[in-house]
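Visitor: First the structure, which I've put down as C-alpha cells, then a few questions once you've had a look.
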Amino acid sequence: NADYIASSGAGVQLRMPYAVPRAVQTLLEQPERLAAMGTSADAIGRPRAAAAVVDTVLDDLRRH
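Per this note's numbering, residue 34 is the first one in the sequence shown, and the count goes up by one each step.
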C-alpha cells in the first residue's frame, strides 16, 4: 500500500522513523505540493474499500 500511495503521488514513503519530522516540515513549507498530494489521494482513493473486501469474503463464505 505504501509503495502504491507514494508512486501515485498521494504520499511520501519513509523507511526510517527519524525522517518523519523533516518530511512533515518540508510538506508544510510546500502547500502546493501538499494540495497536489491531496488531489492524487482523491483520485486513487477507494472509499469503503475495506468494507467491500469484507463483503466479498462473507459472500464467498456463504456460498461454500
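Quick reminder that beta carbons are idealized off the backbone N, C-alpha and C, glycines included.
Thinking C-beta only, is ALA35 closer than 9 Å to GLY42?
Guide: No, these two residues do not count as a Cβ contact at 9 Å.
Visitor: With 16 other CB atoms within 10 Å as the buried threshold, where does MET49 fall?
Guide: MET49 is exposed by the Cβ-count criterion.
Visitor: For the alpha helix (DSSP H) that contains TYR37, what are its first and last residues?
Guide: First-last of the alpha helix (DSSP H) with TYR37: 35-40.
Visitor: Excluding the five sequence neighbours on either side, which residues of its own chain have a C-beta within less than 7 Å of the C-beta of ASP88, listed in chain order?
Guide: Within the same chain, ASP88 has no close Cβ partners at all.
Visitor: If you draw a straight line from the C-alpha of LEU67 to the C-alpha of LEU94, how long is it?
Guide: Using only the alpha carbons, I get a separation of about 42 Å.
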